[in-house]
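Presented below is the structure to which this report refers.
Structure (structure tokens):
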């Protein structure tokens, strides 16, 4: 029965929280599993983590005292604490990029009852004299049956709060909570906090733009066939032509994906491999690399077949094929591409099965 006695209502809420600790934990885990399952089937979304927590009792009481108690007591209105704690169950989805936040929300909310949506991104960006963490907060209702839980049990709550943030926003939230005083402070200190907040916001924006520009650069790189017949030694005139002739991760992938259509090249490995190539031959261009692979890949694939027949436990991946192509293209410059044992085995095969005058284009 609601009352106007905070001490009494505090005791009632503590008893409620303690009595239902196990059920709250079960609900939280079920919601976390449900949301992770909903997002796992969404292509194009890069979710860093899905986590959940049951709000601690003291934290709940502090929130109630700060947000609701003054108005209720001013109105001399009886109250219970528990109905005001809408985030007793809190779930958080952390993604990589800011433009994924609403996509995640749209993937999740049709599966729950929407009570309220608070766009803290728009709220913070709508003022020029504010700092704080950004993100999207959704108050959602759920059915235990849809979570795979028994409908016959008495579940203590039927709603939860979902926060959707980027990694940068999540990091700022953690750090922001460590700043004890942020309002009634000297202007110079407030300005420094605002600058720090702006740096986090800038980082969020830059990561998204780098992602977009990386994808655009990959798409705009010339196709592997575009430079067929181009003489590697031909002078490069314009900056545009130089950009097209540069061997980098994007132009490497255009060539590699042409020759190895069914292989998924991991960005981090591509990055490192291209750096290796350029450390062996700092001036190598895209056309030069293209010509070497095109001319030598047939020979190397024959060696690959020979090698794997005799060593069934081993295999040549595309990187190994390209290393052999480079070595065959220039055994001095690209000697570091193969270990000595690999060089000796390859040379022995070349001498026995493919005399020098027979090493031709593939």
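In UniProt numbering, the protein residues as written are 1 to 362. C-beta: ideal position from N, C-alpha, C; glycine also.
{"Check": "Burial state of residue 204, where buried means 16 or more other Cβ atoms lie within 10 Å", "Outcome": "buried"}
{"Check": "Contact between the region 70 to 86 and the region 33 to 48 (3+ Cβ pairs under 8 Å)", "Outcome": "no"}
{"Check": "In DSSP terms, what residue 285 is bridged to", "Outcome": "246"}
{"Check": "Assigned exposure category for residue 210 - 16 Cβ within 10 Å defines buried", "Outcome": "exposed"}
{"Check": "Counted within 10 angstroms of its Cβ, other Cβ atoms place residue 296 as buried (16 or more) or exposed", "Outcome": "buried"}
{"Check": "Cα-Cα separation between residue 261 and residue 22, rounded to whole angstroms", "Outcome": "52 Å"}
{"Check": "Element boundaries [alpha helix (DSSP H), containing residue 212]", "Outcome": "187 to 220"}
{"Check": "6 Å CB neighbourhood of residue 284 in its chain, flanking five on each side removed", "Outcome": "247"}
{"Check": "Contacting residues, own chain, Cβ-Cβ under 8 Å from residue 10 (five flanking each side not counted)", "Outcome": "61, 81"}
{"Check": "Beta-carbon proximity check, residue 265 vs residue 312, cutoff 9 Å", "Outcome": "no"}
{"Check": "Start-to-end residues for the alpha helix (DSSP H) that takes in residue 72", "Outcome": "69 to 74"}
{"Check": "Cβ-based burial, residue 115 [other Cβ within 10 Å; buried from 16]", "Outcome": "exposed"}
{"Check": "Residue from 200, 154, 160 with nearest C-alpha to residue 170", "Outcome": "200"}
{"Check": "Between the CA atoms of residue 214 and residue 87 - distance to the nearest angstrom", "Outcome": "39 Å"}
{"Check": "Nearest neighbour of residue 281, chosen from 333, 58, 249, 255 [CA to CA]", "Outcome": "333"}
{"Check": "Simplified DSSP state of residue 154, which is helix, strand or coil", "Outcome": "coil"}
{"Check": "Close beta carbons around residue 292, own chain, < 7 Å, minus the five adjacent residues each side", "Outcome": "325, 326, 329"}
{"Check": "Closest by C-alpha distance to residue 20, when choosing among 217, 63, 156", "Outcome": "156"}
{"Check": "Strand pairing of residue 92, partner residues [DSSP]", "Outcome": "51, 163"}
{"Check": "Integer Cβ distance of residue 99 from residue 208, believed to fall under 8 Å", "Outcome": "6 Å"}
{"Check": "Contact under 9 Å by Cβ, residue 206 with residue 89", "Outcome": "no"}
{"Check": "Segment limits, alpha helix (DSSP H) that includes residue 119", "Outcome": "Counting along the chain, residue 119 falls outside any alpha helix (DSSP H), though it belongs to the beta strand (DSSP E) covering 113 to 119."}
{"Check": "Per-residue DSSP class, three states only, for residue 175", "Outcome": "helix"}
{"Check": "Residue 136 beta carbon less than 9 Å from that of residue 174", "Outcome": "no"}
{"Check": "The beta strand (DSSP E) enclosing residue 141, as first and last residue numbers", "Outcome": "136 to 141"}
{"Check": "Contacting residues, own chain, Cβ-Cβ under 6 Å from residue 34 (five flanking each side not counted)", "Outcome": "147"}
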